[in-house]
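Q: The listed protein sequences derive, respectively, from chains A and B. Number 335 marks the last residue of the first sequence (our numbering); no jumps. Number 768 marks the last residue of the second sequence (our numbering); no jumps. Let me give you the structure first, and then I'll get to my questions.
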Amino acid sequence: MTAAESVLAGDRLALSRLLTQVENGTESGKATLDSLFKHTGHAHLVGVTGAPGTGKSCLVSQIALEVRKADPALQRSVAIVAVDPSSPFNGGAILGDRVRMRDLAGDPGVFIRSMASRGALGGLANATAGVVQVLDAAGFDLILVETVGAGQSEVDIARLAHTTIVVETPGMGDDIQAIKAGILEIADILVINKADRPGVENTERALRVNLELGYPNGGFHTFIEAGHASQDAASPSLDADVWVPPVLKTVAIESKGIAELVQTIREHREYLVKSGLLALRDRERLNHDFEVLLQERLKQDWLKTTDPSKRDEILSLVFDRKLSPGQAVERLIK
Amino acid sequence: MPEQRIRVLIAKPGLDGHDRGAKVIARALRDAGMEVIYTGLRQTPEMIAEAALQEDVNVIGLSILSGAHMALVPRVIDLVRGNGQSNVGIFVGGIIPEEDVPELLAKGVKAVYGPGTPTSRVVEDIRADFAAA
Ligand SMILES: Nc1nc2c(ncn2[C@@H]2O[C@H](COP(=O)(O)OP(=O)(O)O)[C@@H](O)[C@H]2O)c(=O)[nH]1
Ligand SMILES: [Mg+2]
């Protein structure tokens, strides 16, 4: 059996080894990934981001538990990819997210993989997309990706995931400015975890004010009303043609609010399917991957045919301010 | 560009309740450039073997203070080998009486470290084991 066949047949050791190959960017890993590509596109990809310590790992574990027990008949399988930072000094990493996921141990329908960011700054590792593709091809129904949470920007996860969950905690985002720029734009669902702590109302208010700025006429009123009713603000604007991120409250260590969160993920997927956004986002992502690889490949090919001394010569003209970088590229390409 | 890193699982099987030693060694291995998967207290051999499989680690470090090493360590080894991970090096640290060491080594443990072992020695041993695997 080839590695791809073993993975498709459900061989966990083959899967795990392939993930390592993909993570390390080996040629055999790439080739196997290529052959598995046609089996991808089935899983729902959920990103979980938020500052370190907000409870992402606990939440991910709880979501997985809930999904596993919610529909026993469906036997929906769950894969988790948890990314932690690599040290910029020595390249090592301590990957500790599994500590919070021990309730999932022994469940053959769950697969947890820790990844170090290996120098990438966007909250994921460069190989995370490939790792997720492998897990998708391996047949997992739900793939949860926990980001580093301290990335310069967390747009990577928004591009990768179908549903992006942004986790805040009371006391962090109490005033409008404290909420990390750009974080609300990527949120499909906002979670205030540690809702057992004081200050939940302030955090909720700050998030809602920010949302209102972002969605001035996006069916916000229905959302506000639903939101004040209770935690089942979960179903905001399915009938409207815009999804306004619901704000949910959870206590991950007490499994509170988790069923609502899972339900909201399900509703978001339904919204994506109905609105056609699921297919659109998928195409955007694949287009992006294609563009990146195309650029890289064209550059590599071109470098092979170019005399490095000519490049240096033209570059030195740029250094002397005789050519702009744009003019230099034009001259080099000609 | 391809990049390979040594992946190590640091686990604490058994019921004893503190993991300072395990954390010290985890940090030392991290500082040596390794990727250390840390799983926390009170892991069963089944949990350890499952984590080792999912994480495709090169090395497992077991920290045991409870005195239950003669039961726990062979069980972990059997499960890990049973999963097909024949090349994973298994190292044991903690409070292990001298007279138990030969039997652990015979069962396939690569090395046993008592209290006060310099972390640099553990780093060297793991690197050597990785290079040989
Ligand atoms: N009080 C409280 N603590 C929580 C809650 N969820 C997680 N924690 C704690 O927050 C800490 C960080 O959790 P973790 O999931 O590792 O956060 P991460 O860094 O975002 O992945 C742990 O000590 C958890 O026990 C919660 O709902 N309430
Ligand atoms: Mg975490």
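From the three backbone atoms N, C-alpha and C, an ideal C-beta is built for every residue, glycine too.
Let me make sure I understand the geometry here. Which of A/A65, A/T33, A/T170 and A/I158 has the alpha-carbon closest to that of A/I193?
A: As a first step, residue 193 of chain A is located in the first sequence; it is residue number 192 there, counting from the start. It is A/T170 whose Cα lies nearest to the Cα of A/I193.
Q: Is it the case that the Cβ atoms of A/E147 and A/K57 are separated by a distance below 8 Å?
A: By 1-based counting over the first sequence, the position of residue 147 of chain A is 146. By 1-based counting over the first sequence, the position of residue 57 of chain A is 56. Their beta carbons are under 8 Å apart, which means A/E147 touches A/K57 by this criterion.
Q: Check whether the stretch 645-665 of chain B touches the stretch 675-695 of chain B, taking contact to mean three or more Cβ pairs, one atom from each stretch, closer than 8 Å.
A: A contact exists between the stretch 645-665 of chain B and the stretch 675-695 of chain B.
Q: How about A/S118: is its Cβ closer than 7 Å to a heavy atom in ligand 2?
A: Here the question's residue 118 of chain A lines up with position 117 in the first sequence. No, the Cβ of A/S118 stays beyond 7 Å of every heavy atom of ligand 2.
Q: Assess contact between the stretch 701-709 of chain B and the stretch 122-137 of chain A, defined as three or more Cβ pairs (one per stretch) separated by less than 8 Å. Is contact present?
A: No, the stretch 701-709 of chain B is not in contact with the stretch 122-137 of chain A.
Q: When you compare each of A/K39, A/A128 and A/A80 to A/T27 by their alpha carbons, which one comes out closest?
A: Here residue 27 of chain A refers to the residue found at position 26 when the first sequence is read from its first residue. The candidate whose alpha carbon is nearest that of A/T27 is A/A128.
Q: Got a sec: is the Cβ-Cβ distance from A/T344 to anything in chain B below 8 Å?
A: Absent from the model: residue 344 of chain A. The displayed extent of chain A is 2 to 335, so no value can be given.
Q: Hey, how far is the Cα of A/S236 from the Cα of B/Y748?
A: Here the question's residue 236 of chain A lines up with position 235 in the first sequence. Here the question's residue 748 of chain B lines up with position 113 in the second sequence. Bear in mind that a pLDDT of 45 at A/S236, under 50, signals an unreliable position, so the number given afterwards is only what the model happens to contain. In a straight line, the C-alpha of A/S236 is about 56 Å away from that of B/Y748.
Q: Just the Cα atoms here: how many angstroms apart are A/S78 and A/R286?
A: To locate residue 78 of chain A, count along the first sequence from 1; it is residue 77. To locate residue 286 of chain A, count along the first sequence from 1; it is residue 285. Taking the straight line from one Cα to the other gives about 24 Å.
Q: Check whether the Cβ of A/K57 sits closer than 7 Å to any heavy atom of ligand 2, and report yes or no.
A: On the first sequence, position 56 is the one that residue 57 of chain A refers to. Yes; taking the cut-off as 7 Å, the Cβ of A/K57 has a heavy atom of ligand 2 nearer than that.
Q: Measuring only from the beta carbon, is A/E104 closer than 7 Å to any heavy atom that is part of ligand 2?
A: Sequence index remark: in the first sequence, residue 104 of chain A carries index 103 (1-based). The question names Glu, but residue 104 of chain A in the sequence shown is Asp. No, the Cβ of A/D104 stays beyond 7 Å of every heavy atom of ligand 2.
Q: Per DSSP, A/T165 is paired with what?
A: Sequence index remark: in the first sequence, residue 165 of chain A carries index 164 (1-based). The partner list for A/T165 (beta bridge, DSSP) reads A/G48.
Q: Does the beta carbon of A/I64 sit closer than 8 Å to a beta carbon anywhere in chain B?
A: On the first sequence, residue 64 of chain A is found 63 positions in, with the first residue counted as 1. A/I64 does not count as touching chain B.
Q: Nearest by alpha-carbon distance to A/A188: which of A/R332, A/I158 and A/E202 is it?
A: The residue you call residue 188 of chain A lines up with position 187 of the first sequence. With distances taken between Cα atoms, A/A188 lies closest to A/I158.
Q: Using 8 Å as the threshold, is the C-beta distance between A/A138 and A/T41 below it?
A: As a position in the first sequence, residue 138 of chain A is number 137, starting the count at 1. As a position in the first sequence, residue 41 of chain A is number 40, starting the count at 1. A contact, by the Cβ cut-off of 8 Å.
Q: For B/A746, which residues from the same chain have a beta carbon less than 6 Å from its beta carbon, with the 5 sequence-adjacent residues on both sides left out?
A: Counting from 1 along the second sequence, the entry for residue 746 of chain B is found at position 111. Excluding residues within five positions, the ones whose Cβ falls inside 6 Å are F726 and D760.
Q: Short of 6 Å in beta carbon distance, which residues of its chain neighbour A/G200, apart from the five on each side in sequence? Order them along the chain.
A: As a first step, residue 200 of chain A is located in the first sequence; it is residue number 199 there, counting from the start. Cβ neighbours of A/G200 beyond the five flanking positions: P171 and G172.
Q: Secondary structure at B/I724, three-state DSSP: helix, strand or coil?
A: Walking along the second sequence from the start, residue 724 of chain B turns up at place 89. According to the sequence provided, residue 724 of chain B is Gly. The question's Ile does not apply to it. Of the three classes helix, strand and coil, the one that applies to B/G724 here is strand, per DSSP.
Q: Would A/F291 be called buried (16 or more neighbouring beta carbons within 10 Å of its own) or exposed?
A: Numbered from its first residue, the first sequence carries residue 291 of chain A at position 290. It counts as exposed.
Q: Distance cutoff 8 Å, beta carbons only. Does B/I672 sit that close to anything in chain A?
A: For the purposes of this step, residue 672 of chain B is identified with residue 37 of the second sequence, where counting begins at 1. Yes - at least one Cβ of chain A is within 8 Å of the one on B/I672.
Q: Counting only Cβ-Cβ distances shorter than 7 Å, please list the residues of the stretch 79-98 of chain A near chain B, keeping chain order.
A: Answer in chain order: S88, N91, G92, G93, A94, I95, L96 and G97.
Q: Beta-carbon within less than 8 Å of A/L161's beta-carbon, same chain only, minus the 5 sequence neighbours each way: which residues are those?
A: Counted from its first residue, the first sequence places residue 161 of chain A at position 160. Correct list, in chain order: L46, G48, L125, T129, A130, V133, V146 and R286.
Q: Comparing the CB of A/G54 with every heavy atom of ligand 1, is any distance shorter than 7 Å?
A: Working through the first sequence from its first residue, we reach residue 54 of chain A at position 53. Flag set: Cβ of A/G54 near ligand 1.
Q: Using the C-alpha atoms, what's the distance from A/H163 back to A/G30?
A: Mapped onto the first sequence, residue 30 of chain A falls at position 29. Mapped onto the first sequence, residue 163 of chain A falls at position 162. Going from the Cα of A/G30 to the Cα of A/H163 covers about 25 Å.
Q: With a 10 Å radius around its C-beta and 16 neighbouring C-beta atoms as the bar for buried, classify A/I190 as buried or exposed.
A: In the first sequence, counting from the first residue as 1, residue 190 of chain A sits at position 189. Classification of A/I190: buried, given that the 10 Å Cβ count is 16 or more.
Q: Cβ closer than 7 Å: which chain A residues qualify as neighbours of B/D691?
A: As a working mapping, residue 691 of chain B is identified with position 56 in the second sequence. By Cβ distance, chain A contributes S17, R18, L20 and T21.
Q: Please check if any C-beta of chain A sits within less than 8 Å of the C-beta of B/G696.
A: Reading the second sequence from its first residue, position 61 is the one you call residue 696 of chain B. Chain A, which has no Cβ nearer than 8 Å to the Cβ of B/G696, makes this no.
Q: Using a cut-off of 8 Å between C-beta atoms, extract the partners of A/V146 located in chain B.
A: As a first step, residue 146 of chain A is located in the first sequence; it is residue number 145 there, counting from the start. Simply none; closest approach about 15 Å.
Q: Below 7 Å CB to CB, which residues in the same chain sit around A/I265 once its five sequence neighbours on both sides are set aside?
A: Residue 265 of chain A sits at position 264 when you count from the first residue of the first sequence. The amino acid occupying residue 265 of chain A in the given sequence is Thr; Ile does not appear at that position. Within the same chain, A/T265 has close Cβ partners I190, A235, P247 and L249.
Q: Assign A/E331 to one of two classes, buried (16 or more other C-beta atoms within 10 Å of its C-beta) or exposed (fewer than that).
A: Walking along the first sequence from the start, residue 331 of chain A turns up at place 330. Its Cβ having fewer than 16 others within 10 Å, A/E331 is exposed.
Q: Here's a check: name, in chain order, each residue in its chain whose Cβ is nearer than 6 Å to the Cβ of A/S231, leaving out the five neighbours to either side.
A: Working through the first sequence from its first residue, we reach residue 231 of chain A at position 230. Confidence at A/S231 is low in this model, with a pLDDT of 39, below 50, so its placement is unreliable and the value that follows should be read with caution. If we look at A/S231 and ignore the five residues flanking it on each side, it has no Cβ neighbours.
Q: State buried or exposed for B/P753, treating a residue as buried only when at least 16 other CB atoms are found within 10 Å of its CB.
A: Sequence index remark: in the second sequence, residue 753 of chain B carries index 118 (1-based). Exposed is the call here.
Q: Quick check: the Cα distance between A/S325 and A/V319, rounded to an integer number of angstroms?
A: For the purposes of this step, residue 325 of chain A is taken as the residue at position 324 of the first sequence. For the purposes of this step, residue 319 of chain A is taken as the residue at position 318 of the first sequence. Each residue's Cα considered, the two are about 6 Å apart.
Q: Short of 8 Å Cβ to Cβ, which residues in the stretch 711-725 of chain B face chain A?
A: Cβ contacts with chain A come from N718, G719 and Q720.
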